[in-house]
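To start, the structure under review is shown below, and the notes come after it.
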Amino acid sequence: MQFLWNFYELLSNSLILVLVVPITIPCLAGAIPGFLERRRRRELEEALPEVLESISTSIGAGLGLQQALTDISRSRQDQTGKLLSQAIERSKATSFDAALAEYAINSRSILIQRVVNLLSVAVEQDAPLGEVTNSMSVEYDRLNKLINTREQEMSGQSFLILMLMCLLLPGVMGFMFAVFGLAASGAYWGHIHNAMMPYLMASAAISVAISGRMLGRTKQALWWMPFWATVSSLLYIGLFEAIQVAMA
């Protein structure tokens with residue numbers, strides 16, 4: 072109970088902090104589904120080159136596109152196999168083309184939707200599916216590697232921005248104002264909180280937006296703004312008050 076009371080006292084130092092903290096939890100709840108959805112979509116996209124290569128091999132062995140996809144759906148136990156199984160089952164009630172289109176829509180991946188459209192066009196034009204799928208497999212494997220490389224490079228820079236602006240900056244400011252504005256020495260700087268808290272929250276929110284833009288996830292980053300703004304301001308005020316108590 073004492074911890075909760077101390078936490079309440081920290082919040083009461085700033086009206087804007089009192090308003091932002093209740094928003095943080097719902098926003099975190101909104102951020103988690105987006106994170107899980109993106110991970111699921113990337114799993115499907117990373118399996119795409121292997122699926123296309125399997126289609127090319129099956130067609131080279133004399134099987135049709137539908138039979139090739141049926142074999143793949145039976146052999147794979149991941150999300151790709153699950154969605155393909157649903158599409159094959161759906162094709163029994165509708166047409167195979169409609170079921171394949173539904174698979175592309177359910178994947179919620181632009182890459183997979185593009186591949187399905189290309190396959191449909193290739194079938195309509197009587198193109199050699201074996202060569203087409205083999206070529207697509209190579210190209211999408213290269214594309215996935217480029218996407219992963221870019222994300223690895225940008226993730227480090229994005230993480231560094233968050234650490235600097237959301238943790239290091241409020242930590243340094245809280246320490247500096249507490250040490251040079253000790254209440255015990257008669258130079259208490261607590262009045263500066265009303266200006267510093269909005270500044271630190273705005274800095275954290277902007278850094279989250281920049282970080283999300285670097286990774287191409289601007290909309291998802293919006294959900295994390297209240298969380299990092301709260302962390303930044305709580306770190307600042309918590310460190311300030313802790314030093315004041317320790318040095319009293």
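So the sequence shown is numbered by this note's numbering: it starts at 72 and just counts up by one. In this text, a Cβ means the ideal position worked out from N, Cα and C, and glycines have one as well. This one's a predicted model, so the numbers in the text were calculated from it and none came from an experiment.
Would you say residue i reaches chain D, if we count a Cβ-Cβ gap shorter than 7 Å as a contact?
i, result
"ARG113", "This model lacks chain D altogether; it includes just one protein chain."
Determine the DSSP secondary structure at residue i, reduced to helix, strand or coil.
i, result
"ASP197", "coil"
"GLY309", "helix"
"GLN148", "coil"
"LEU293", "helix"
"MET236", "helix"
"GLY133", "coil"
"ALA169", "helix"
"LYS163", "coil"
"ARG113", "helix"
"ALA284", "Here residue 284 is Arg; the residue named in the question, Ala, does not match the sequence. Here ARG284 sits in helix by DSSP."
"SER127", "helix"
"LEU86", "helix"
"MET272", "helix"
"GLY252", "coil"
"MET318", "coil"
Could you check whether residue j and residue i sit closer than 7 Å to each other, using their CB atoms as the reference points?
i, j, result
"ALA175", "CYS237", "no"
"PRO269", "ILE94", "no"
"SER144", "SER156", "yes"
"ALA123", "SER191", "For the sequence presented, residue 123 should be read as Leu rather than Ala. Contact flag unset, no."
"SER229", "LEU271", "no"
"ASN177", "LEU154", "yes"
"LEU115", "GLN148", "no"
"ASN215", "GLU117", "yes"
"TYR211", "LEU119", "yes"
"HIS264", "SER85", "yes"
"SER282", "LEU233", "yes"
"ALA249", "ILE181", "no"
"THR301", "VAL92", "yes"
"SER158", "ALA170", "Looking at the sequence provided, one finds Ala at residue 158 rather than Ser. Cβ distance < 7 Å, so ALA158 and ALA170 count as in contact."
"ARG112", "ARG185", "no"
"TRP299", "VAL279", "yes"
"MET318", "LEU239", "no"
Quick one: any contact between the stretch 288-305 and the stretch 91-102, if contact means 3 or more CB pairs under 8 Å? Judged by pairs of C-beta atoms under 8 Å, the stretch 288-305 touches the stretch 91-102, as three or more such pairs exist.
For the stretch 242-249 against the stretch 303-319, are there 3 or more C-beta pairs whose distance is under 8 Å? Taking 8 Å as the limit for Cβ pairs, the verdict is that the stretch 303-319 does touch the stretch 242-249.
Are there three or more Cβ pairs, one per stretch, closer than 8 Å when the stretch 191-206 is compared with the stretch 122-135? Yes, the stretch 191-206 is in contact with the stretch 122-135.
Suppose only complete runs of 4+ residues qualify. What are the alpha helix (DSSP H) ranges in the stretch 174-233, listed by chain order? For the stretch 174-233, whole alpha helix (DSSP H) runs of length 4 or above, ordered along the chain, are 181-195 and 200-233.
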